[in-house]
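Before any comments, here is the structure.
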Amino acid sequence: MLSKIIILITALAASTVLAAPATTTLERRQRGYITLCPESLMRGDCRDLGIQTGECQELPNGIRDRLSSFDTYGYTCQFFTDGSCSGRQDDFTGNHDNLRQTQWNDEKSSIKCTFNN
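According to the working numbering, the sequence shown is numbered sequentially starting from 21.
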């Protein structure tokens, strides 16, 4: 009887593990951060910002309102002109190494990223 209970518990535990969504594995392989730089070509006092998927985050001091290049790696990020993810929003994915000649240079204050699978 005890062995049947152990087998049942083991089978239930295995089915729970097998039912986990595939994106969980992909998200675990994700870097977990994006890189933000105050100068073009990923130069200057660059900062890695740990990503809390789906949550609004303020850009770090030294980057806020000074962002000129960045790499989101596998994330899609919404950048906002104001704090608390307010103001004008622009969506970016991947590497953008020169915002200096664009309307987006030196204007971003907060960010919200999602995993891009």
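From the three backbone atoms N, C-alpha and C, an ideal C-beta is built for every residue, glycine too.
Please read these numbers as outputs of a predicted model, since none were measured by experiment.
Query	Result
Quick one, are the C-beta atoms of P58 and G82 less than 8 Å apart?	yes
My assumption, with CB atoms under 8 Å, is that N70 sits in contact with G52. Please give the rounded CB distance.	The sequence shown places Gly at residue 70, not Asn. The pair is a contact, with the Cβ atoms about 6 Å apart (cut-off 8 Å).
Does DSSP put R67 in a helix, in a strand, or in coil?	strand
Report all residues from its chain with a CB closer than 8 Å to the CB of L61; omit the five preceding and five following residues, and keep chain order.	S89, D117 and N118
According to DSSP, is L46 helix, strand or coil?	Bear in mind that a pLDDT of 49 at L46, under 50, signals an unreliable position, so the model cannot answer this.
State the DSSP-derived secondary structure class of C57, mapped to helix, strand or coil.	strand
Which same chain residues, not among the five before or five after P41, have their C-beta less than 8 Å away from its C-beta?	Summary for P41: the model assigns pLDDT 48, below 50, so the residue's position carries little reliability; its value from the coordinates is reported in the next sentence. Closer than 8 Å at the Cβ level, and outside the excluded window around P41, lies no residue.
Can you look up P41 in the DSSP assignment and give me helix, strand or coil?	Any reading at P41 is ruled out, since the residue's pLDDT is 48, under 50, leaving its predicted position unreliable.
Can you tell me the Cβ-Cβ gap for L87 and K128, rounded? I've got them flagged as a contact below 8 Å.	5 Å
Looking at C66 and L79, is the spacing between their C-beta atoms short of 8 Å?	no
Are D139 and F99 touching if we call contact CB-CB under 8 Å?	The structure shown has nothing for residue 139, since the chain only spans 21 to 137.
Considering only residues of the same chain and omitting the five flanking positions on each side of T96, which have a CB-CB separation below 6 Å?	T113, T134 and N136
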